[in-house]
Amino acid sequence: MIIPLVRALLLSAAATLLLAAAAGAAEPARYQRTIERYTIPDVVLINQDGEKVRFKTLFDTQQPVVVDFIYGTCTTICPILSAGYANLQRKLGTDTTRVHLVSITIDPENDTPAILKKYLAQYSAKPGWDFLTGSRKDIDRVMNAFDAYFRDKMDHKPLTFIRSPKDGSWIRLYGLLSGVDFLDEYKKAGLQ
Amino acid sequence: MKFLLTVSLLLLSLTTALAAEPLPSAAEIQRLGERMYRDGLLPSGAVMKAFVSDDVPVDGTAFTCVSCHLRSGLGSIEGEVVTPPTNGRILYQERKPYVQGAIHVPLIHNYAVYLPERPAYTDQTLAALISAGIDPTGRSVLKAMPRYELDDRDMAIMIAYLKALSDQPSPGVGEHVIRFATVIVAGTDPVAVESMLLPLQFSVDRKNRLAAAAGANPRVARMGYNMLGDLQSYTFTLARWTLTGPPEGWRAQLDDYYRKEPVFALLGGISPGDWEPVHRFCEENRIPDLFPVVDYPVISDSDWYTLYFSRGIRQEGEAAARYLHGMADLIKDRAIVQVIRDTRRGRALADGFRAGWQATGHTPAIDVLLPAAEALTGERLQQIVAGHKPAVLLVWDDAASLPAIGALAGQPDRPGLVLASGNWFGQALWTVPEPLRELVYFTWPWRLPQEDARFDISVNKIFAGKSPAAYDPRIVRQSYTTGEVLGKALMEMRGEYHRDFLYDTIGMMTDMYYPLYERVSFGPGQRYAAKGCFIVQLGKGEKPQLERRSEWVMQ
């Protein structure tokens, strides 16, 4: 089995260093991180079960909440963000509802509750991960509130928001995070 | 450097490993490779294992190559994230920050500047990229590209599949010609047929005039080239395939037409009823059909090759369900009654409503079926209302039902809201008497007429001296959209005329505003472009306008 061997070599820490040296550059920062405060709009969205969800109330909680913006048929960005969510749920073990993971569609035009449900199933989502759609107007308001307005779904950017239950501040992460980075950030938010 | 040497030595022995295993037949490679590429399943049937963002394990069933590189393998662009082509023809070429031969064509050229240079792949470096995420320059691509655990044989199948992917231009593409056809089901109203054809022929002729002008004048050629690249020198042809007799016989006719003249894609097409055999023909031969003019499209969330304007008549019923869902608090546990004319149209509306209403967990509506030939009298409708005391009455019938609805107006226990199909009512919608206008709501699957007028100038160019009155304005507008979407897609295809890439390209388009539909939107695999339908009421006065009571898309 030669391929696993190549892989093992390439992925060892030494190899990474050597490769960086060979390429003549250090790895650029993988993502940007800022601390923000957001005013959450009072809109009613709809979850994967077709239930109405008063968006504001999702944050009246002592639980950590993570928010991202994705959509059902999106390419590269969403698979990566959603794999991060699924991974976090795996790390949470049996009680996945300890953290509320919220995905909000930026394609409410196409994303019906049925499509949201199918998407979650594809990622083996467990309780605690909700995927929300709504009217275009309300979704626009939510995107604006997070300073994440996409004029069109094809202008999509990878953004993840972690809310600290301690003071309601948000860590805004812009970029494609690795699983380790995501868990790190999550811990930095004071969450376990 | 020593490390790189070790890797190269290892890769050298990999060559032998890859070659040692005998590979299955080309057809089998195609099947097994496609299964990995599209479904994330290994040849053994087991789920492919990937690691994304370095270290996050993911099953191939969550996503796989196709989710990012798309079906054609010619890549995707979303926001700032560019996913490069992954077909052999391009991988086994050196990559420069420009597209060779298209340096002056911004539309094509812009794409390449996002991607770093790299040398051509070999089987060995490609295997290393897929399994370890290291490209031939030694750069890690793992930030966005997963790595895959494949054994040597599966890797060899994957690589062979990539080599065949989007390798040759699709059928119907000649050296300087792209062939199209449109399908006309005999018996369709000739006005409808001409209305479908006129804008298509207009687009084709316009393109061919440009090609001819470019051939005759080097300055035009240069300008055309800068806009369109090689596409400017192509001519288009549009054949008309007429289908006769019952639907069961259409397939043989389609096969025959296609054998005589393979086409790249079907444009439009029209039928007064059935379309399924044409849909199946396209599915099985993997031929795109852009926007047939039909009321009853095939509804599927996995079929690939027909792109419809909307979900057809059914979509109005679905919109009615979403609208009522929005006021469920007012309806509470009171009944909803659907009066359904027992025709294809009536049933399609009722089916759409039923599916939408039940999906949101409501108690099913009460269905009252009206035989196709029985008149709906005021008395009958009053009986229905008295019997069920519905909060909402849906009348899926034509405008002949209007007097019966009128008879409800004075009834004390009348429903709070009556909903009918604005599409089915047709011109009669404008004759709803004032006292009824408060009570009756309509589905309206288009932009409001007063707001669509701004497209008149662009649409009118098509008539070129002919009288617009001789055509069906809605079908002309539909077909106009077909021409526009096709033109835009071909321009963005970078000279890669592959059927799957046509759809991949359309899937990457932003929302568009064309005549007729409030908005059309696309996305990989999305096959019903206009997703909405307004709920409207007729306004007051002698010259009433339609007034919106809902958004275009309701969830």
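Here the protein sequences come in this chain order: L and W.
So the mapping is simple: this note's numbering equals the position in the first sequence, first residue as 1, plus 3.
So the mapping is simple: this note's numbering equals the position in the second sequence, first residue as 1, plus 80.
Where a beta carbon is used, it is the ideal one built from N, C-alpha and C, also for glycine.
If you ignore the 5 residues before and after residue 287/W, its C-beta comes within less than 6 Å of the C-beta of 316, all in its own chain and listed in chain order.
For chain L, the residues of the region 605-617 of chain W that bring a beta carbon within less than 7 Å of one of its beta carbons are 605, 606 and 611, in chain order. The bridge partners DSSP lists for residue 416/W are 472/W. The C-beta of residue 158/W comes closer than 8 Å to at least one C-beta of chain L.
Look at residue 133/W: its C-beta is under 8 Å from a C-beta on chain L. Per DSSP, the unbroken alpha helix (DSSP H) holding residue 205/W starts and ends at 203-212. The alpha-carbon separation between residue 514/W and residue 528/W amounts to approximately 20 Å. Per DSSP, residue 524/W is one residue of the beta strand (DSSP E) stretching across 520-524. At least one CB atom of chain W sits nearer than 8 Å to the CB of residue 160/L. For residue 631/W, at least one C-beta of chain L is nearer than 8 Å to its own C-beta. In chain order, 378 and 386 place their CB closer than 6 Å to the CB of residue 359/W, counting only its own chain and leaving out the 5 sequence neighbours on each side.
C-alpha of residue 131/W to C-alpha of residue 220/W: approximately 13 Å in a straight line.
Scanning chain W for C-beta atoms nearer than 7 Å to the C-beta of residue 155/L yields 590 and 591, reported in chain order. With a threshold of 8 Å between beta carbons, residue 36/L makes no contact with chain W.
Looking at the DSSP output, residue 617/W sits in a beta bridge with 627/W.
The contact set of residue 634/W on chain L, defined by CB atoms closer than 9 Å, consists of 138 in chain order. By the Cβ-count criterion, residue 191/L is exposed, with fewer than 16 other Cβ atoms from all chains shown falling within 10 Å of its own Cβ. C-alpha of residue 177/W to C-alpha of residue 161/W: approximately 16 Å in a straight line. Here residue 220/W carries a strand assignment [DSSP, helix/strand/coil]. Residues of the region 223-254 of chain W whose Cβ lies closer than 9 Å to any Cβ of chain L, in chain order: 223, 224, 225, 226, 227, 229, 230, 231, 232 and 235. Bridge pairing for residue 132/L: 104/L [DSSP]. Exclusion of the five residues before and after residue 356/W leaves 327 and 378 as the residues of its chain whose Cβ lies within less than 8 Å of its Cβ. The beta carbon of residue 390/W does not come within 8 Å of any beta carbon belonging to chain L, so the residue lies off that interface. Interface annotation, residue 603/W: in contact with chain L, CB-CB separation under 8 Å. With fewer than 16 other beta carbons inside 10 angstroms of its own, residue 292/W counts as exposed. Excluding residues up to 5 positions away in sequence, 504 lie with their Cβ nearer than 6 Å to the Cβ of residue 478/W in the same chain. Judged by DSSP secondary structure, residue 396/W falls within the alpha helix (DSSP H) whose first and last residues are 393-406. At a beta-carbon threshold of 8 Å, the residues of chain L lying near residue 142/W are 82, 85, 86, 89, 125, 126 and 127, ordered along the chain. With contacts defined as CB atoms closer than 8 Å, residue 161/L and residue 80/L qualify as a contacting pair. Residue 321/W carries a strand assignment under DSSP once its states are collapsed to helix, strand and coil. Below the 7 Å Cβ cutoff, chain W contributes 603 as neighbours of residue 110/L, in chain order. In the three-state reduction of the DSSP assignment, residue 512/W falls in the coil class, being assigned neither a helical nor a strand state.
The DSSP assignment places complete beta strand (DSSP E) segments of no fewer than 3 residues inside the region 300-363 of chain W at 315-323 and 345-347, in order along the chain.
DSSP places residue 561/W within a helical segment (H, G or I) once states are collapsed to three.
The residues 346, 368, 369, 385 and 386, in chain order, have a CB closer than 8 Å to that of residue 362/W in the same chain once the five nearest residues on each side in sequence are set aside.
Note that the C-beta distance between residue 137/L and residue 113/L is not below 8 Å.
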